[in-house]
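Numbering (my numbering), first residue to last: 51 to 432.
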């Protein structure tokens, strides 16, 4: 019903009669279109506040992902996330943005090198939500998001068809921002941090190249064998920054690999964790929120599945799609940038973040799937 109403371009819908919370939310997911989102008046019951909080986070996340790559530069992405979260968290929110050459000086080599081919500089946003009032309160969780505002593939250039939806390659950044905003609006009392790794992956005389070797802050050297495997390069910086906080929970989210889509389709997000407890809690949160998450394997050997003769590792394997097991190999690459056992680390490969065409249950464009599950994980994780 909701998808049929959406096609009629109705600007406002009022839900009356007997609606459960789940029914109203399912209607909202299907009815909210990419362009000119409609207004929904919720049924008058005890679920109204919950629905308004969730719908605000849904709209913010979807609109951010659906925006044009011209309008959403790396700096604009970071600013919009910071402003929205500041409006929700008020005096409890503080943030810094490290921009352009400052990234190089600070040692954030992945974000800097991926973004240096664009005239619009790359950015790392580090945001602190601290409702405790204690400036030395421990950070209880960190969210890290891939924020590639447009991905041409760089010199490993994509086809036109493959590039068409690449404005959505910042879906990880939008998802973790939406999740944190939802958690704040629901009154979470924990100190939390958000790190967004924002860049455009473009071609120019300044762009990074195949054969480059990047040296990260933790000493890991990476040979670039595919400039279209850029997401893991920027996330590595974010994961190191997250690990420095000492937080017991780190969740990163990214539209990282086509391999995850091949494995799961576009209806499930892939979950990777070397920590059985963290993985089970993430899956339990998704089940509780009726969002589709599915575990995929990651073992210690996956960190070595992209060998290089010139560096500690390559950023992919020099074959189409990175070869078999590409999603696990990408997760294994990221494991080099968290604590050695991967304790408390959850990696989400967001295969269901974006639909290139409308489905029976979802409009075209961003889905915002995952924001509720991540928000619940922030609240429930122990």
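Backbone N, C-alpha and C define an ideal beta-carbon position, used for all residues, glycine too.
- In chain order, 241 place their CB closer than 6 Å to the CB of residue 182, counting only its own chain and leaving out the 5 sequence neighbours on each side.
- Taking the CA atoms as reference points, residue 400 sits about 24 Å from residue 101.
- With a cutoff of 8 Å on beta-carbon distance, residue 351 and residue 286 are scored as not near each other.
- With 16 or more other Cβ atoms from the protein chains shown falling within 10 Å of its own Cβ, residue 302 counts as buried.
- Assignment of residue 337 by DSSP, reduced to helix, strand and coil, places it in the helix class.
- The segment 313-320 makes contact with the segment 336-351; the number of CB pairs closer than 8 Å reaches 3 or more.
- With a minimum length of 3 residues, the unbroken runs of beta strand (DSSP E) contained wholly in the segment 300-340 fall at 300-304, 319-322.
- Residue pairing by DSSP places residue 404 opposite 416 in a beta bridge.
- Uninterrupted beta strand (DSSP E) stretches at least 3 residues long and entirely within the segment 145-226 occur at 173-179, 191-201, given in chain order.
- Going by beta carbons, residue 428 and residue 191 fall inside the 8 Å limit.
- Note on geometry: alpha-carbon atoms of residue 403 and residue 412 lie some 11 Å from one another.
- In the DSSP assignment, residue 116 falls within the alpha helix (DSSP H) that extends over 98-116.
- With a 10 Å radius around the Cβ and a threshold of 16 neighbouring Cβ atoms, residue 419 comes out buried.
- Taking C-beta atoms as the reference points, residue 292 and residue 348 fail to come closer than 8 Å.
- By the Cβ-count criterion, residue 256 is exposed, with fewer than 16 other Cβ atoms from all chains shown falling within 10 Å of its own Cβ.
- The beta carbon of residue 368 sits closer than 6 Å to the beta carbons of 275 from its chain, once the five residues preceding and following it are set aside; these are given in chain order.
- Burial state of residue 271 is exposed, judged by a 10 Å Cβ sphere holding fewer than 16 other Cβ atoms.
- A distance below 6 Å between beta-carbons, with the five flanking residues on each side excluded, links residue 306 to the following residues of its chain, in chain order: 281, 380, 399.
- Note on geometry: alpha-carbon atoms of residue 215 and residue 406 lie some 7 Å from one another.
- Residue environment: residue 67 is assigned as exposed (fewer than 16 neighbouring CB atoms within 10 Å of its CB, all protein chains considered).
- Straight through space, the alpha carbons of residue 426 and residue 324 are spaced by roughly 20 Å.
- Cβ atoms of residue 124 and residue 199 come within 8 Å of each other, at about 5 Å.
- Taking one beta carbon from each stretch, the segment 247-264 and the segment 199-213 have 3 or more pairs nearer than 8 Å; the two touch.
- Ranking 340, 329, 361 by CA distance to the CA of residue 269 puts 361 first.
- Assignment of residue 360 by DSSP, reduced to helix, strand and coil, places it in the coil class.
- Cβ neighbours of residue 62 within its own chain (closer than 8 Å, five residues either side excluded): 88, 89, 90, 91.
- Between residue 267 and the set 249, 178, 153, 228, the nearest pair of CA atoms involves 153.
- The C-alpha of residue 172 lies about 10 Å from the C-alpha of residue 147.
- Around the beta carbon of residue 94, fewer than 16 other beta carbons lie within 10 angstroms, which makes this residue exposed.
- With respect to the 8 Å criterion, residue 288 and residue 115 are not classified as neighbours on the basis of their beta carbons.
- Listed in chain order, the non-local C-beta contacts of residue 234 below 6 Å within the same chain comprise 138, 139, local neighbours out to five positions each way being set aside.
- A straight line joining the alpha-carbon of residue 106 with that of residue 250 spans about 27 Å.
- Take the alpha-carbon of residue 356 and the one of residue 366: they are about 5 Å apart.
- Assignment of beta-bridge partners to residue 89 by DSSP yields 62.
- Residue pairing by DSSP places residue 265 opposite 271 in a beta bridge.
- In the DSSP annotation of this structure, the continuous segment of the beta strand (DSSP E) that includes residue 251 starts and ends at 242-251.
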